[in-house]
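Below is one structure, written out as structure tokens; the observations come after it.
Number of protein chains: 2
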Amino acid sequence: MQIAVFGTGQVGRTLATALAAAGHDVCMGSRTKDNPKAAEWVAATGGTASQDDYAGAASRAGLVLNCTPGNVALEVMNMAGKTPMRGKIVADLSNPLDFSHGFPPRLTVCNDDSLAEQLQRALPETLFVKVWNTMWCGLMVNPGLLQGERHTVFCCGNDSGAKEEVRRSLLEPLGWKAEDILDLGDIKAARGLEMYLPLWLQIYGALGHGEFNIRVVNGRAAQRA
Amino acid sequence: MQIAVFGTGQVGRTLATALAAAGHDVCMGSRTKDNPKAAEWVAATGGTASQDDYAGAASRAGLVLNCTPGNVALEVMNMAGKTPMRGKIVADLSNPLDFSHGFPPRLTVCNDDSLAEQLQRALPETLFVKVWNTMWCGLMVNPGLLQGERHTVFCCGNDSGAKEEVRRSLLEPLGWKAEDILDLGDIKAARGLEMYLPLWLQIYGALGHGEFNIRVVNGRAAQRA
Chain A
1 MQIAVFGTGQ
11 VGRTLATALA
21 AAGHDVCMGS
31 RTKDNPKAAE
41 WVAATGGTAS
51 QDDYAGAASR
61 AGLVLNCTPG
71 NVALEVMNMA
81 GKTPMRGKIV
91 ADLSNPLDFS
101 HGFPPRLTVC
111 NDDSLAEQLQ
121 RALPETLFVK
131 VWNTMWCGLM
141 VNPGLLQGER
151 HTVFCCGNDS
161 GAKEEVRRSL
171 LEPLGWKAED
181 ILDLGDIKAA
191 RGLEMYLPLW
201 LQIYGALGHG
211 EFNIRVVNGR
221 AAQRA
Chain B
226 MQIAVFGTGQ
236 VGRTLATALA
246 AAGHDVCMGS
256 RTKDNPKAAE
266 WVAATGGTAS
276 QDDYAGAASR
286 AGLVLNCTPG
296 NVALEVMNMA
306 GKTPMRGKIV
316 ADLSNPLDFS
326 HGFPPRLTVC
336 NDDSLAEQLQ
346 RALPETLFVK
356 VWNTMWCGLM
366 VNPGLLQGER
376 HTVFCCGNDS
386 GAKEEVRRSL
396 LEPLGWKAED
406 ILDLGDIKAA
416 RGLEMYLPLW
426 LQIYGALGHG
436 EFNIRVVNGR
446 AAQRA
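Just so you know, the protein sequences line up as chains A and B, in that order.
Residue numbers for the first sequence follow our numbering, beginning at 1 and rising by one.
Residue numbers for the second sequence follow our numbering, beginning at 226 and rising by one.
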């Protein structure tokens, strides 16, 4: 499948590399067609992947990953444009963190709205799925990293088919098992997923590293395979 | 130990009953000395426990549990009073949820402040420890309920000795093991613990019940005993 990865930072590169390795045709999207960080990444794949600006990458993609920082994500979606993004599924990994006043960062939107809802409102004909924003990117692409222990990835979005596509094309090829994927409902559930970030940052501080995740332990489910 | 439990609702009664059963001398605190719900609870203990108003219960207690709803917790602390509460350890279980606009509730304070910090500022000579606010009360008093699976209780507060006392007098007697208690630092970490509630409510909605908790799965710790 043709996948556009928006964002040339650590999250974007990690996902783009893993999805290319999983056999997808990956195009890294950025503000310019010749972004040097994207070019470096394409070269590292041996030229099997490609790069373009946001609109160009989106135009050819069946699925878009938004790996841009939360403070620019809305601008990025507008740069990608309503027409190239129409009908496209967007896996939104971004978090609305504002580091401008130091650590810990504040959320720029929370409580009765979320970044994912802002993006969905900006591009109403695009199918946003919030996913993967609750963990370090090394775990997104390698869920087995936690000593084989089970842990949870959440998703939410207004379109069931889009969530199913994210599961089939992104989560399962990277090793996420169906029983550890928890669908929280429509895009409004992104409020909870984004408001979890302050707790994530506290746990990160307490453990001293980001190699952790949370598992939802359900007292009424069959927990053991 | 003499323990005051503030709050006559489901959380307060559940905790008060479990702590009385664990051998503590429990006094249920409420607005009036003769609160009928507290009286009913005392009668159900066979008269081994007691009831009083907030100030009276606090005066005799070594440790106070705040199990009042978040929308009245600050008022309750002021009713208890600075003098009776001076030097006392308060385990704060409350969440700043506002249900007045329906479900899901909004948080009345979040992001750059928290209810626990508001309480701590109101009673600066009281030692607040945020704990247990991230789960259903049935689990607080019976962590083995999740089919024996491990899961996490968080705590935070400015005083290390107070956190140690909460662990020794409350968490461990009710079955919480040291490896599942995660200290997140000072009282500011309550922001993350309270902002987790929207996600808790989403998970509750997805599973259809509250008999769940999250476990922090740490990739660098010895996970298996």
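Where a beta carbon is used, it is the ideal one built from N, C-alpha and C, also for glycine.
Predicted, not measured: the structure shown is a model, and the values here were computed from it.
Minimum Cα-Cα distance from B:Val-230 among the listed residues B:Glu-390, B:Ala-269, B:Gly-271, B:Gly-281 corresponds to B:Gly-281. For B:Lys-262, the CB contacts under 7 Å within the same chain, skipping 5 residues up- and downstream, are Thr-233 in chain order.
Under the DSSP assignment, A:Gln-147 falls outside any alpha helix (DSSP H); it carries neither an H nor an E label. What A:Glu-172 touches in chain B, judged by beta-carbon distance under 8 Å, is nothing: the nearest beta carbon there is about 19 Å away.
Collapsing the DSSP output to three states places B:Asp-338 in coil. Residues of the segment 94–117 of chain A with a Cβ closer than 7 Å to any Cβ of chain B, in chain order: Arg-106, Leu-107, Cys-110, Asn-111, Asp-112. Only those residues of the segment 390–416 of chain B whose C-beta falls short of 7 Å from the nearest C-beta of chain A are listed: Leu-407, Asp-408, Leu-409, Gly-410, Ala-414, Arg-416. With a 10 Å radius around the Cβ and a threshold of 16 neighbouring Cβ atoms, B:Gly-271 comes out exposed. Restricting attention to B:Pro-309, B:Arg-440, B:Leu-332, B:Arg-331, the CA atom closest to the CA of B:Glu-350 is found in B:Pro-309. The segment 106–116 of chain A makes contact with the segment 182–201 of chain A: 3 or more CB pairs, one atom from each, lie closer than 8 Å. Per DSSP, B:Gly-382 is one residue of the beta strand (DSSP E) stretching across 378–382. Between the alpha carbons of B:Gln-343 and B:Phe-353 lies a gap of roughly 10 Å.
Taking the CA atoms as reference points, A:Asn-142 sits about 12 Å from A:Asn-213. For B:Val-441, the nearest CB of chain A lies under 8 Å from its own CB, placing it at the interface with that chain.
Scanning its chain for C-beta atoms nearer than 7 Å, with the 5 sequence neighbours on each side dropped, one finds around A:Ala-18 the residues Val-141, Leu-174, in chain order.
If you draw a straight line from the Cα of B:Leu-407 to the Cα of A:Ala-122, it comes to about 40 Å. With fewer than 16 other Cβ atoms from the protein chains shown falling within 10 Å of its own Cβ, B:Lys-307 counts as exposed. Cα atoms of A:Ala-116 and A:Asn-95: separation of roughly 9 Å, rounded to the nearest angstrom. B:Val-289 and B:Glu-390 have their C-alpha atoms spaced approximately 11 Å apart. Look at A:Pro-69: its C-beta is not under 8 Å from any C-beta on chain B. Straight through space, the alpha carbons of A:Ala-91 and A:Ile-3 are spaced by roughly 11 Å. Spanning the alpha carbons of B:Ala-305 and A:Leu-171 requires a straight line of approximately 52 Å. Not a single CB atom of chain B sits nearer than 8 Å to the CB of A:Gly-157. Think of a sphere of 7 Å around the beta carbon of A:Leu-123: no beta carbon from chain B falls inside it, the nearest being about 23 Å out.
When the beta-carbon positions are compared, B:Ala-274 and B:Ala-241 come within less than 8 Å of each other. Taking a 10 Å sphere around the C-beta of B:Arg-440, we find 16 or more other C-beta atoms and assign the residue as buried. In summary, A:Thr-32 is exposed, with fewer than 16 beta-carbon neighbours lying within 10 Å of its beta-carbon over all protein chains present. Residue contact with chain A for B:Ala-431: present (Cβ-Cβ distance below 8 Å to some residue of chain A). For the C-beta of A:His-151, the chain B residues within less than 7 Å are, from N- to C-terminus, Val-442. Contact check for A:Val-26 and A:Cys-137: beta-carbon distance about 15 Å, past the 8 Å limit, so the pair fails to qualify. Relative to the Cα of B:Thr-359, the nearest Cα in the group B:Tyr-429, B:Arg-285, B:Ala-286 belongs to B:Tyr-429. Here B:Ala-229 is bridged, per DSSP, to B:Cys-252, B:Val-289. Nearest Cα to A:Arg-13 within the set A:Gly-219, A:Phe-99, A:Asn-66: A:Asn-66. The Cβ of B:Phe-437 sits closer than 8 Å to at least one Cβ of chain A.
As DSSP reads the structure, B:Asp-317 sits in a beta bridge with B:Asn-291, B:Lys-355.
Per the C-alpha coordinates, the member of B:Arg-445, B:Gly-254, B:Gly-369, B:Asn-303 positioned closest to A:Gln-147 is B:Arg-445.
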